[in-house]
Structure formats: C-alpha cells, structure tokens
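Number of protein chains: 2
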Amino acid sequence: MTGMATASPRADIGDSEFDRATAVAPRAGEAGVYDAELSAGWTIGSAVNGGYLLALLGRALSGSLPHRDPLTVTAHYLTASRPGPAVVRAQTVRAGRTMSSGQASLFQTDDKGREVERIRVIAGYCDLAALPDGVRTSAKPPRMPSYEDCLGSADAPAEGQVGGSTAILERLDLRLDPATVGWAVGAPSGLGRVRGWLGLADGRDHDPLSLLLAVDALPPTSFDLGLKGWTPTLELTVHVRARPVPGPLRVALSTRNLAGGLLEEDCEIWDGADRLVAQSRQLARAPRG
Amino acid sequence: MTGMATASPRADIGDSEFDRATAVAPRAGEAGVYDAELSAGWTIGSAVNGGYLLALLGRALSGSLPHRDPLTVTAHYLTASRPGPAVVRAQTVRAGRTMSSGQASLFQTDDKGREVERIRVIAGYCDLAALPDGVRTSAKPPRMPSYEDCLGSADAPAEGQVGGSTAILERLDLRLDPATVGWAVGAPSGLGRVRGWLGLADGRDHDPLSLLLAVDALPPTSFDLGLKGWTPTLELTVHVRARPVPGPLRVALSTRNLAGGLLEEDCEIWDGADRLVAQSRQLARAPRG
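Chains as they are written, first to last, in our numbering: chain A, 1 to 289; chain B, 1001 to 1289.
Structure (structure tokens):
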C-alpha cells in the first residue's frame, strides 16, 4: 500500500476519492439541507473515522456560508455514525466581512426510523488566501525521519489494536515515525506521541477540507501509552491556519494529561513549506485496556 | 489590591461577587431561558471580559443540563457584549448517562431594539467528582516564583496596554511572574508567554465555573510578543479536567503561532495539588500594534 501514492495516477482536488466520499448534495427547496452517503471506505474498527465525518460537515458549511475555508471548527460527537445515508442541516449564525460563523448537524435514521443526531459542529469560516502575510512562529516542525525512512501500514499493522475494518488505511498514504510505532510490536514508548507523514493514497494534494480529515487520521496516542482498544472522540476543535502546499504533511500527535478516564490529544500539522497549517485538540475517552 | 485576598473576609462559593455577577434567573414558563445582567465590574478596556461571559453562559448550562460540571466548552464570540441586560437561551442537545451535551446563546438588545446574538456556546457537561481516579500526566506545572514573589496589578499596571476600564483587576487576585511582565515597562520578552497566580479578590475559592473565567483572565500573550492593543477572542475551547482544590491557581499562557493576523493562545491551569485542572486554547485576532 505504501507504494500506491507513487504508482497510482494523481487525483486532482475536487475529483478524488476523498472528494467523492465527502460529497454533499443540496436538497432542492430546502436551504442549508444536504444529503450525503457515509462511505464504508473510511471506517476503522467498527467506526466511521471522525476526521472523515468532520471533512464532510466542513464541506457542507463551505457550501452554505459566505466564506469557503474552515478557520476554526468544533465538533461534538454525540452518537456513533454508521456507513449509509445521512443528512446535514447547516445554518449561518453570522455573516461578517472577513469571517462568517455557522453551525451544522449530521443526522442518520436509526433502526426504528427515528432521526438521530450524530455530530454537531460550530465553526468560523474565512478566506485563508485573504489573510495578511506576516508569520511569527516559535513552534518548530516535528523532528522525524524522511518520508522514505518512515513505516507504511504494511510494516506496522493497526488492526491488532482495535479489530475490525481497516478500510481507511487503504485510502491514506500514511508513514509513521518508527520511534512512535513500538505499540505495534508490543513495545509502546509510554510518551503519548505519534508522528507521521500523511498523504492521500490516490495522490490528491491536501487542501483546507482534507486537513479536517488529517487531524484525526493517525493512530491514537493512547496506543503509544500502552492502551489498546477504541478511543472515542467526545469533542474536537481544529484551527486551520493556512492552505497547505502540495505534498505530504507532517502530523504530530501528543497527549500530556490522561486523567479521569479522559485524555486530550493535540495535533499539529506542518506542510512542505514548514508552515504550521493546522492545530487541533480533541478530548477523548481513554480505552480501559 | 494584592493584599485584599488576605485582608478581606473570605467569600464562599455561591455567595461571592463572582457568583452574583454571573447569576442567571430562569424565566418563568420559558424552559431554558435565563435573564442576566452583564456587570460593568468585569470589564477591561471597552470590553466585557470573555472569561466572565463564558462563566455566565456556563452557569446557565449547569442549571439546564442533567449534569452540573462543564467538561468541554467552546464559545464563538460573535459580537461585542456590553454591560447591561442580557438573555441566555439554552437547549439540551443530548442527555447521556455520564455526560450531557448542550448549547446556549447570549443575546442583547441593540440601540435599535433588535436582539443581537453575542456568543454561541456548545458544551459537554459531566459530574467531575464521578470520573475515575487514575491520573497519568506527563505535563509539568509551570516553573514560576512563589505567590509572594510575583507581581500584583499595582506593580505592573495593565491599563497602559489597552486603555479604558480596569474594573476586572479589582475583582481578581492576580500576581504575575516577573519574567513575563516586561511588556509593562516596554521590554516584552518576545516569547509569547504570560504566567501568574490567580485567585478571586474576595477570597472565594475556585470551582469548575470560575475556571471558565480563569482561562481568559490574564493579560494576553500578545503583550509579551510586543504588541499593544486589543486581542479579541474569536473562539475559545476549554476542557475542565478536575475540580480545583482551594487556594490560588497557577495559570500559564503561551502562543506559538502568530500568522495571518491571528494567534492561538494556549492556557494551562494547575491547582495547589499539582493537578492540571483545565486546558484551553483560543483563536484571537492579533493587535496591529
């Protein structure tokens, strides 16, 4: 799988598997209502990946708000999403000159025919290209081996950690820093760090929407803390700070406070121009294992 | 002012100036609707403090949700609040066994008699005392001088930085690490760090609600970056991870990425038992100065 990005034809932004799987169709005559199909291709274990869901909601807001780029997005994961039909209802909260605020919810119909809310999102959107140029960043990109010296999914299988689907791994070009994959061979570092290079398997470059996927696409830091099993996200907030340049991203996760059965997971994403393009933090339930 | 905490009678949680200023009155016959009065006592410059407003909204959610303690709260600051009457409208999004999710908005009436939304909040609440005991924290409390060796507001006046009201400073027992107040004498460190001890001037101890105030109560990191003027919060997310023990808190702010006219401000709050009781991050507009 790790060779796919090079071998496969290069998909364009707007016409890639990621774009098709996060597509939302405006419902005629119902402003802010979008039909969608949650793809089984972006599942891990028994769950639809939270970053994929965030990108789908982000796309609906991008279509409904006056500004197109996510700047700050917060999602509350209320109930477990399943592959299949879904509806997004989006509303504009405030439309400003340089920024607009919106809210969106993802719904699915349960076995008894009732509509259940899966995720609620509140967000601020802007035009990232219109932000002023100045950068004063004291943060440093993560130190990690080159893309070639990192390990693909074939080298460090994640399926042993959660069981079930690994479909999402076929769609990511994910190469992890060997220093942070000891958990895959029963030797977690205990530091709560996971780092890697992240592209999309079909070669599509990243954009602000795929950054919403990227902040929740790596194995969880709980694995590196020696915990096995599912780490469900309760809340995730991401700030998209710049449009990434083409090429794989460096993604660094860290957890510093596991307490009360909960942990925070911080994520930084750097692009090939050494720009900090996204920061996120999620609050998740720690596995018992 | 810095001596007030010792000299004044000790106010109890529930019967302090903070509690009265964040009080919300349920409106008879209208579930989830609360009347409030935004106090001029918690203003800085020309603005009502964002942490104070968050605590007021947090109190309304605490009263309307099945769980009483804020666990994760995200606020989008839409328009500038003013001292005076306000209305909070809260709704339960989902009521679970160990956690409930809610949403609330703060409204005020403008000069033309129109209701304007000031802030929208989405939150997860729980019972902090019911969380499991285990703690595995690799984060370390901030290194800073003792409370006695830090500087009170009388020593390091903030009014030169923004102009206007300093009313909130009379209600806080704030003592800043001398290493992070160079900006007050024209010598900011440039590191983007502000640290200090934070109590309430009337001696009220902290609780989860006052932590919502505490995450936005110190001078902004932009001062330490050498920037003067107002740093308006666009979005703030706080995770309350434990009930604080009595006594002043250590609050540490840092900014690592000022770019595109925006900056993130991370906040960690530690209590006297060396427990990381809250983590927050806000996205703010950087001053031009």
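Glycine included, each C-beta is placed from N, C-alpha and C at the ideal position.
Just so you know, these numbers come straight off a predicted model, no measurement behind them.
Residue-level contact to chain B via CB, residue i, 8 Å cutoff
i, result
"GLY196(A)", "no"
"HIS76(A)", "yes"
"ILE122(A)", "yes"
"THR72(A)", "yes"
"ALA278(A)", "no"
"THR237(A)", "yes"
"SER101(A)", "yes"
"ALA242(A)", "yes"
"PRO142(A)", "no"
"VAL215(A)", "no"
"PRO208(A)", "no"
"LEU61(A)", "no"
Min CB distance residue i to chain A below 8 Å
i, result
"VAL1093(B)", "yes"
"PRO1287(B)", "no"
"SER1138(B)", "yes"
"VAL1088(B)", "no"
"GLY1260(B)", "yes"
"PRO1232(B)", "no"
"VAL1245(B)", "no"
"ARG1281(B)", "yes"
"GLU1148(B)", "no"
"ASP1192(B)", "It is Gly, not Asp, that sits at residue 1192(B) in the sequence shown. Answer yes: the Cβ-Cβ gap between GLY1192(B) and chain A drops below 8 Å somewhere."
"ARG1082(B)", "no"
"LEU1218(B)", "no"
"ASN1257(B)", "yes"
C-alpha gap between residue i and residue j, whole angstroms
i, j, result
"SER280(A)", "ASP266(A)", "6 Å"
"ASP224(A)", "GLU264(A)", "14 Å"
"ASP1127(B)", "SER105(A)", "26 Å"
"LEU1234(B)", "ARG243(A)", "20 Å"
"MET144(A)", "ASP69(A)", "29 Å"
"ALA1055(B)", "ALA1214(B)", "9 Å"
"ARG1114(B)", "GLN1108(B)", "8 Å"
"ASP207(A)", "ILE13(A)", "8 Å"
"GLY1182(B)", "LEU1151(B)", "11 Å"
"GLY1247(B)", "GLY1199(B)", "7 Å"
"ALA1184(B)", "LYS1228(B)", "10 Å"
"VAL1194(B)", "ARG1250(B)", "11 Å"
"ALA1284(B)", "SER153(A)", "38 Å"
"GLY129(A)", "GLU1037(B)", "In the sequence as displayed, the identity of residue 129(A) is Ala instead of Gly. Their Cα atoms are separated by approximately 40 Å."
"PRO220(A)", "GLY1186(B)", "44 Å"
"GLY203(A)", "ALA75(A)", "27 Å"
"PHE1018(B)", "SER1210(B)", "8 Å"
"VAL1073(B)", "HIS1067(B)", "13 Å"
"ALA201(A)", "LEU218(A)", "14 Å"
"ASP216(A)", "HIS239(A)", "13 Å"
Helix, strand or coil at residue i according to DSSP, with G and I counted as helix
i, result
"ASP177(A)", "coil"
"GLU1030(B)", "coil"
"ARG20(A)", "helix"
"ALA1130(B)", "helix"
"THR1233(B)", "strand"
"GLY1226(B)", "coil"
"TRP1102(B)", "The amino acid at residue 1102(B) is misidentified as Trp; the sequence shows Gly. Here GLY1102(B) sits in strand by DSSP."
"SER1081(B)", "coil"
"ILE1013(B)", "coil"
"ASP1149(B)", "helix"
"GLY182(A)", "helix"
"THR1166(B)", "coil"
"THR1043(B)", "strand"
"THR255(A)", "coil"
6 Å Cβ shell around residue i - same chain, five flanking residues per side excluded
i, result
"GLN1282(B)", "THR1233, LEU1236, GLU1265"
"THR22(A)", "ALA55, LEU56, ARG59"
"GLY1134(B)", "none"
"TYR52(A)", "TRP42, LEU213"
Cβ neighbour criterion (16 or more within 10 Å) applied to residue i
i, result
"ALA7(A)", "Note on ALA7(A): pLDDT 49, under 50, position unreliable in the model; no value is reported."
"GLY1050(B)", "buried"
"THR98(A)", "exposed"
"ASP1271(B)", "buried"
"PRO1085(B)", "exposed"
Sequence-distant residues of the same chain with beta carbon closer than 7 Å to residue i, five excluded per side
i, result
"LEU65(A)", "THR92, SER100, GLY102, TYR125"
"GLY164(A)", "GLY45, SER46"
"LEU1276(B)", "THR1137, ALA1139, ARG1241, GLU1268, TRP1270"
"LEU1078(B)", "GLU1117, ARG1118, ILE1119, ARG1120"
"PRO141(A)", "ARG250, TRP270, ASP274"
"THR1255(B)", "GLY1192, THR1221, LEU1225, LEU1263, GLU1264, GLU1265"
Contact set for residue i: own chain, Cβ-Cβ below 8 Å, skip 5 residues either direction
i, result
"PRO1026(B)", "VAL1033, TYR1034, GLY1063"
In the segment 1106-1120 of chain B, which residues sit with their C-beta less than 8 Å from some C-beta in chain C, listed in chain order? Here chain C cannot be found, since the structure's protein chains are A and B.
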